[in-house]
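Novice: First the structure, which I've put down as structure tokens, then a few questions once you've had a look.
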Amino acid sequence: MQQPQILFEWNGNSVTAKPGDTVASALYRSGVRIFSYSYQYGRPRGLLCLTGSCPNCMVNIDGVPNVRSCTTPARSGLSVLAQNQNVYRGFDSPAVKRFPAAPPLSESEHHYQHAYLQFDVVVVGGGRSGIEAALASAERGMQVALLEKQPALGGDSVHPMVTTFLNCTCFGLYEGNLLGAVQIDYARPNAETLLHLRAGSVVVATGAYETQFLFANNDLPGVMLSTAVLRLLHQHKIVPGKRAVLIGDPARCSQLQAELEPAGAEVVASLPIGSVVSALGDDHVTGVATATVTYDADVVVMCGPLVPDLGFLAGTSLESVSLVGAAAGPGLAYIPPPSAQSTDAIACLCMDVSGRDVAETIESGMGHIELIKRFTKLGKSACQGRMCQTAAVSLCGQVSGQTIAQVGTTVARPPAPPVSLGVLAGMRHHPVRRTPMHYQHDRLGAVWMDMGDWKRPRYYDSAGTRNQAQCVEQEYRAVRERAGIIDVSTLGKIEVKGSDAGRLLDLVFTHTFSTLPIGRVRYSVLCDELGTILDDGTISRMDPQRYFLTTTTGNVDFVQQWLEWWAAAGGFKVNITNLTAGLASMNLAGPLARGVLAQLTDCDLSSAAFPYMDWRQAAVAGVPATMMRIGFVGEMGWEIVVAAEYGSHLWDQVLEAGASVDLLPFGVETQRVLRLEKKHVIVGVDTDALSNPYEAGMAWVAKFDKPDFIGRAALLHMKQNPLERMLVGFEMEGSIAPPDGSPVLVDGKPVGWATSVRFSWEKRKVIGMAWVTPAEAKHGTPITLRSDAVDYFANVVEQVFYDPSGQRLKM
Amino acid sequence: MERQSALHRCHLDAHAQLQTFLGWELPAWYTDPSSELEQVRASVGISDVSYLAKLDLRGPAAAFPAPARLWKLTPAHALVTSPLPIALVPSSSVTDVTSLYSAILLAGPDSRQVLQKLTTLNVSTRAMPQGAARQTRLAHVNATILRTEGFLILNTRDVAEYVWQALLNVGAHPFGMVAQQQWMGSHENA
Chain A
15 MQQPQILFEW
25 NGNSVTAKPG
35 DTVASALYRS
45 GVRIFSYSYQ
55 YGRPRGLLCL
65 TGSCPNCMVN
75 IDGVPNVRSC
85 TTPARSGLSV
95 LAQNQNVYRG
105 FDSPAVKRFP
115 AAPPLSESEH
125 HYQHAYLQFD
135 VVVVGGGRSG
145 IEAALASAER
155 GMQVALLEKQ
165 PALGGDSVHP
175 MVTTFLNCTC
185 FGLYEGNLLG
195 AVQIDYARPN
205 AETLLHLRAG
215 SVVVATGAYE
225 TQFLFANNDL
235 PGVMLSTAVL
245 RLLHQHKIVP
255 GKRAVLIGDP
265 ARCSQLQAEL
275 EPAGAEVVAS
285 LPIGSVVSAL
295 GDDHVTGVAT
305 ATVTYDADVV
315 VMCGPLVPDL
325 GFLAGTSLES
335 VSLVGAAAGP
345 GLAYIPPPSA
355 QSTDAIACLC
365 MDVSGRDVAE
375 TIESGMGHIE
385 LIKRFTKLGK
395 SACQGRMCQT
405 AAVSLCGQVS
415 GQTIAQVGTT
425 VARPPAPPVS
435 LGVLAGMRHH
445 PVRRTPMHYQ
455 HDRLGAVWMD
465 MGDWKRPRYY
475 DSAGTRNQAQ
485 CVEQEYRAVR
495 ERAGIIDVST
505 LGKIEVKGSD
515 AGRLLDLVFT
525 HTFSTLPIGR
535 VRYSVLCDEL
545 GTILDDGTIS
555 RMDPQRYFLT
565 TTTGNVDFVQ
575 QWLEWWAAAG
585 GFKVNITNLT
595 AGLASMNLAG
605 PLARGVLAQL
615 TDCDLSSAAF
625 PYMDWRQAAV
635 AGVPATMMRI
645 GFVGEMGWEI
655 VVAAEYGSHL
665 WDQVLEAGAS
675 VDLLPFGVET
685 QRVLRLEKKH
695 VIVGVDTDAL
705 SNPYEAGMAW
715 VAKFDKPDFI
725 GRAALLHMKQ
735 NPLERMLVGF
745 EMEGSIAPPD
755 GSPVLVDGKP
765 VGWATSVRFS
775 WEKRKVIGMA
785 WVTPAEAKHG
795 TPITLRSDAV
805 DYFANVVEQV
815 FYDPSGQRLK
825 M
Chain B
238 MERQSALHRC
248 HLDAHAQLQT
258 FLGWELPAWY
268 TDPSSELEQV
278 RASVGISDVS
288 YLAKLDLRGP
298 AAAFPAPARL
308 WKLTPAHALV
318 TSPLPIALVP
328 SSSVTDVTSL
338 YSAILLAGPD
348 SRQVLQKLTT
358 LNVSTRAMPQ
368 GAARQTRLAH
378 VNATILRTEG
388 FLILNTRDVA
398 EYVWQALLNV
408 GAHPFGMVAQ
418 QQWMGSHENA
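For the protein sequence lines, the chains are A and B, in the order given. For our numbering, count along the first sequence from 1 and bump the result up by 14. For our numbering, count along the second sequence from 1 and bump the result up by 237.
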């Protein structure tokens with residue numbers, strides 16, 4: 015049966031590949047010899063290692079640059095473009111050969127993800143030794159992962175306890191035997207999975223990679239490592255040339271000769287490394303010259319030094335892993351390069367560093383291997399030193415008369431090999447927290463704002479045609495003149511219950527709660543030992559031993575931890591549960607709010623029966639609800655709390671009941687204006703990490719009528735000593751609202767900053783709150799706000815801007 | 238009044254056929270029950286089990302009669318789940334958290350591969366046998382994972398849609414109540 019043909023594009027031309035081909039092998043078979051041009055001098059480069067180690071065969075595939083064509087399986091429909099080894103424009107000149115510039119980077123289709131896996135044993139490398147190690151572990155009952163960077167194992171491994179990961183390259187071993195590996199799914203573009211493997215123990219069977227010799231023109235296309243030749247012969251059935259010169263260890267050369275000759279290649283000579291002076295040729299090798307003889311050849315094969323492939327272990331102790339097979343072999347080998355001939359050799363293929371560059375660097379005083387790396391850029395690019403480390407160390411040792419051990423190596427760090435940033439980022443996981451009424455807001459034209467991960471309506475623009483000021487004014491007027499409703503489900507909601515619940519709250523809040531009557535709500539503040547405001551909220555007593563707390567949106571987790579800490583410290587019998595997401599809450603406010611709510615409940619809402627700062631439980635719109643009569647925005651209002659699954663139903667019912675009085679939903683921005691007119695502080699907006707109640711104008715929250723609470727001593731001290739700064743209200747003289755956070759100046763000197771600045775429809779002026787020194791805190795004091803180098807004038811106002819007596823809350 | 242799942246919008250967007258189940262409005266099916274069941278048995282599926290009653294227990298765990306199941310989170314903290322409503326005696330150590338948590342059933346032979354893409358937790362049968370309960374992170378949010386015949390994933394309601402979508406993104410397919418009942422029935426007999 016005929017195999018389906020694989021066709022892909024190379025620089026716009028069609029190339030046919032055979033099954034099992036990589037992009038590189040298919041190109042080589044079709045006659046391509048130059049795969050890239052070098053970084054600095056534009057030297058032609060061809061296939062060298064064929065194992066994913068060298069930089070020569072990197073291409074742009076489907077818009078992704080720097081893909082190694084020798085490890086990428088050929089697939090129909092690929093668009094492959096030649097690229098230069100590094101796209102660095104600084105050295106470009108007309109004389110230097112280059113492939114055309116690659117297309118600019120763009121976001122291409124990708125499928126990046128992560129996976130977290132645990133195994134007793136992870137074996138890195140699926141060659142013979144790796145498979146043996148995996149099977150031996152599996153037979154002892156261990157769960158084994160076997161990682162192989164090639165698309166197939168180097169043998170058979172069938173054992174139910176062994177999970178094999180193909181096309182999977184390990185790039186680092188981290189603390190706690192955590193291995194990072196990237197598995198590529200070549201069937202889709204950019205489909206990579208980052209595996210986080212926790213291993214009981216790690217076996218390294220990565221083998222060794224071959225590295226090049228140093229002689230002039232050692233980088234010519236046609237000069238290859240023996241690994242490349244063997245892969246072309248055995249995996250791809252390609253005979254790389256007709257006349258071959260072999261260089262290196264005589265035993266390995268004769269082995270290679272025995273492979274090449276039956277395939278039809280003539281071995282012209284086998285030379286020891288010391289005798290080779292130069293490879294000959296222009297764009298491709300045509301021969302090899304020794305000091306005395308010239309050999310014609312179309313392929314030159316280096317049986318180069320083998321280096322254990324341990325790059326991913328950089329920075330870890332080798333004692334924590336077991337090395338097997340060639341990976342356990344000796345370290346860097348010394349290549350004895352004849353000095354006269356090696357000066358023209360390319361030591362670093364990625365950065366075009368020659369032997370002469372290295373020698374001159376050493377001669378100019380930078381003899382340390384790290385200095386050579388920094389000065390010449392040797393070892394700093396795509397191959398991460400695989401092709402040049404041996405050469406550099408040898409050259410350095412030769413010039414400076416040191417041994418390999420004395421020269422040492424540069425410090426390596428994972429990841430090795432490189433990892434794409436895309437797969438490190440992985441899938442996009444950006445949590446979004448939605449309230450139960452989210453889609454109600456959406457339908458009403460909510461303009462969203464982010465509060466942490468929460469989405470909250472900033473304001474509503476149902477027609478999509480108005481600006482923020484128009485929308486906010488309309489919502490503002492609804493609340494002040496008729497009725498409005500806001501979703502406050504994001505506010506933290508905590509239940510504290512148990513026989514010590516009252517005692518705990520007495521300890522952590524400034525007010526007393528053990529004596530709070532059931533049915534009452536109280537506002538209070540949470541301070542730390544230094545009297546600093548941590549959070550604020552309402553506390554309702556539901557039962558003798560059960561309280562319901564609200565917190566600010568961002569602080570609920572902190573408040574819960576704070577309560578649990580003090581409960582544990584005091585040995586209190588309480589249970590603390592964060593119920594935030596389980597409850598929908600909405601604040602119905604405005605002079606006509608009572609009439610709206612009365613349509614939905616039988617509960618007596620009159621102030622006589624249900625006064626300000628009381629709560630009641632009753633059915634609202636047919637669902638069990640808790641109503642708290644509180645008023646952040648300064649109008650008569652009820653916070654209605656129901657189970658989350660009824661939130662959208664209740665919201666719809668309130669809107670329907672309010673239609674007759676033109677009730678409007680309002681957003682956070684409108685709420686901020688409403689509460690600013692009441693000078694209600696938002697913890698974290700108007701206060702900072704050091705604010706205390708006295709400075710914030712909330713001296714009344716400090717209740718010294720109980721023996722102790724957290725922060726009592728500090729608050730008492732504040733009460734008896736002068737303050738350093740104060741939070742005051744102000745009115746702007748002009749109509750411009752400088753941004754929140756603008757500095758406040760007096761006589762040109764900064765004395766504080768404005769925390770909230772908004773236009774007030776009540777005052778028909780821009781109002782705000784600001785931190786100033788006590789000298790400026792008096793009513794009528796002129797202050798200056800500065801924004802973008804423009805000064806804006808304002809005067810301090812002591813009184814609350816709206817309904818100072820609080821009558822409207824209690825109607 | 239029907240109780241609305243935190244995943245209501247996800248079901249509507251997937252054109253689910255809704256039905257009322259134990260007072261909750263839930264998807265009967267999305268496409269058709271038999272192919273959904275087949276999908277779960279062959280690979281992996283997710284189903285909304287918001288109807289499960291959930292209790293949070295502090296202190297020494299009391300016994301609850303079947304079909305309720307007790308899950309020990311820590312020596313002094315446990316959860317109870319039950320397919321039937323539980324009569325709750327008011328107590329300072331028991332809190333009804335049915336409304337607080339969304340519940341997603343992850344089922345099928347590839348369930349583990351789905352979880353492994355979203356959590357660092359070891360979800361192998363050896364590390365997490367049936368009856369095991371773990372508090373962990375899933376797709377960067379807090380989650381409680383309970384090992385039943387499949388995996389029961391509890392999240393606070395606010396992130397339920399986000400987690401549902403994350404599970405879909407890594408290859409899970411939604412299945413409705415009809416397929417879910419059949420799947421559960423076949424596992425009870427097994």
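Backbone N, C-alpha and C define an ideal beta-carbon position, used for all residues, glycine too.
Is it true that the CB of valine 425 of chain A sits closer than 8 Å to the CB of valine 510 of chain A?
Specialist: Their beta carbons are not under 8 Å apart, which means valine 510 of chain A does not touch valine 425 of chain A by this criterion.
Novice: Alpha carbon to alpha carbon, how far is glycine 255 of chain A from cysteine 267 of chain A? Give it in angstroms, no decimals.
Specialist: C-alpha separation (whole angstroms): 16 Å.
Novice: Cβ of histidine 410 of chain B less than 8 Å from any chain A Cβ?
Specialist: Chain A contact via Cβ: absent.
Novice: Per DSSP, which one or two residues make a beta bridge with glycine 609 of chain A?
Specialist: Looking at the DSSP assignment, glycine 609 of chain A forms no beta bridge with any residue, so it has no partner.
Novice: Can you find a CB in chain B that lies within less than 8 Å of the CB of arginine 447 of chain A?
Specialist: Closer than 8 Å: yes.
Novice: What does the alpha-carbon distance come out to for the pair leucine 619 of chain A and glycine 282 of chain B?
Specialist: Between leucine 619 of chain A and glycine 282 of chain B, the C-alpha separation is close to 49 Å.
Novice: Just to confirm the assignment, what range does the alpha helix (DSSP H) spanning serine 414 of chain A have?
Specialist: That run of the alpha helix (DSSP H) goes 403-414.
Novice: Against chain A, does serine 272 of chain B count as a neighbour if the rule is that its beta carbon must be under 8 Å from one of theirs?
Specialist: Not one chain A Cβ lies under 8 Å of serine 272 of chain B.
Novice: Would DSSP call isoleucine 547 of chain A helix, strand or coil?
Specialist: DSSP places isoleucine 547 of chain A in strand when its eight states are reduced to three.
Novice: Checking 8 Å against the spacing of the C-beta atoms, do isoleucine 386 of chain A and threonine 375 of chain A come in under that value?
Specialist: Closer than 8 Å, so yes.
Novice: Checking the sheet assignment: what are the DSSP bridge partners for histidine 314 of chain B?
Specialist: In DSSP, histidine 314 of chain B forms a bridge with B:Arg295 and B:Thr311.
Novice: Secondary structure at asparagine 809 of chain A, three-state DSSP: helix, strand or coil?
Specialist: DSSP places asparagine 809 of chain A in strand when its eight states are reduced to three.
Novice: Does the CB of alanine 658 of chain A have a neighbour CB from chain B at under 8 Å?
Specialist: Yes, because at least one Cβ of chain B sits closer than 8 Å to the Cβ of alanine 658 of chain A.
Novice: Please report the straight-line C-alpha distance between methionine 414 of chain B and alanine 633 of chain A, rounded to a whole angstrom.
Specialist: Distance between the alpha carbons of methionine 414 of chain B and alanine 633 of chain A is about 30 Å.
Novice: For aspartate 35 of chain A and alanine 88 of chain A, what's the separation of their Cα atoms in angstroms?
Specialist: Answer to the nearest angstrom: the Cα atoms are 6 Å apart.
Novice: Restricting to runs no shorter than 3 residues, where is the beta strand (DSSP E) found entirely within the stretch 646-686 of chain A?
Specialist: Here the runs fully enclosed are 651-657.
Novice: Roughly how many angstroms separate the alpha carbons of threonine 701 of chain A and phenylalanine 527 of chain A, rounded to a whole number?
Specialist: About 24 Å.
Novice: Suppose you measure from the CA of lysine 111 of chain A to the CA of glutamine 97 of chain A; what does that come to, to the nearest Å?
Specialist: Using only the alpha carbons, I get a separation of about 11 Å.
Novice: Going straight from the alpha carbon of leucine 270 of chain A to that of valine 282 of chain A, what length do you get?
Specialist: For leucine 270 of chain A and valine 282 of chain A, the distance between alpha carbons rounds to 13 Å.
Novice: Indicate whether tyrosine 338 of chain B and threonine 393 of chain B have their beta-carbon atoms separated by less than 8 Å.
Specialist: Closer than 8 Å, so yes.
Novice: If the criterion is Cβ atoms closer than 8 Å, does the pair glycine 408 of chain B and valine 351 of chain B meet it?
Specialist: Yes, these two residues count as a Cβ contact at 8 Å.
Novice: Quick check on the DSSP output: the beta strand (DSSP E) that includes glutamine 127 of chain A runs from which residue to which?
Specialist: 125-138 is the span of the beta strand (DSSP E), which, as asked, contains glutamine 127 of chain A.
Novice: So glutamate 273 of chain B packs on serine 242 of chain B, CB below 8 Å; how close in whole Å?
Specialist: Between serine 242 of chain B and glutamate 273 of chain B the Cβ distance is about 17 Å, and since that is not below 8 Å, they are no contact.
Novice: Run the CB neighbour count on threonine 241 of chain A, radius 10 Å, all protein chains shown included, and call it buried at 16 or more, exposed below.
Specialist: Per the 10 Å Cβ criterion, buried.
Novice: Ordered along the chain, which non-local residues of its own chain (more than five positions away) have a Cβ less than 7 Å from that of leucine 274 of chain A?
Specialist: Closer than 7 Å at the Cβ level, and outside the excluded window around leucine 274 of chain A, lie Ala258 and Val281.
Novice: Nearest to valine 687 of chain A by CA position, among A:Arg447, A:Arg494 and A:Tyr806, is which residue?
Specialist: The option with the nearest alpha carbon to valine 687 of chain A is A:Arg494.
Novice: Could you check the C-alpha separation between leucine 247 of chain A and alanine 277 of chain A for me, to the nearest Å?
Specialist: So the two alpha carbons sit approximately 8 Å from each other.
Novice: Just tell me which of B:Gly260, B:Leu259, B:Trp266 and B:Glu239 has its CA closest to the CA of leucine 249 of chain B.
Specialist: The option with the nearest alpha carbon to leucine 249 of chain B is B:Trp266.
Novice: Buried or exposed: alanine 727 of chain A, going by 16 or more other Cβ atoms within 10 Å of its Cβ?
Specialist: Result: exposed.
Novice: Note down, in chain order, each residue of its chain lying with its Cβ closer than 8 Å to the Cβ of glutamate 489 of chain A, except the 5 sequence neighbours on either side.
Specialist: Closer than 8 Å at Cβ, skipping near neighbours: Tyr473, Tyr474, Gly498, Leu678, Pro679, Phe680, Gly681 and Thr684.
Novice: Exposed or buried, which one is glutamine 575 of chain A when buried takes at least 16 other CB atoms within 10 Å?
Specialist: Exposed.
Novice: Whole angstroms is fine: what's the gap from tryptophan 420 of chain B's alpha carbon to proline 411 of chain B's?
Specialist: Looking at the two C-alpha atoms, the distance is approximately 13 Å.
Novice: Could you work out which residues of chain A lie near methionine 421 of chain B, taking near to mean beta carbons separated by less than 8 Å?
Specialist: The premise fails here: methionine 421 of chain B is roughly 22 Å from chain A at the closest Cβ pair, so nothing lies under 8 Å.
Novice: Which of the three DSSP states is assigned to histidine 245 of chain B in this structure?
Specialist: In this structure, histidine 245 of chain B counts as helix in the three-state DSSP scheme.
Novice: Please report the residue range of the beta strand (DSSP E) in which asparagine 379 of chain B lies.
Specialist: Per DSSP, asparagine 379 of chain B belongs to the beta strand (DSSP E) from 378-384.
Novice: So, glutamate 123 of chain A versus valine 437 of chain A, is the Cβ gap smaller than 8 Å?
Specialist: Contact: no.
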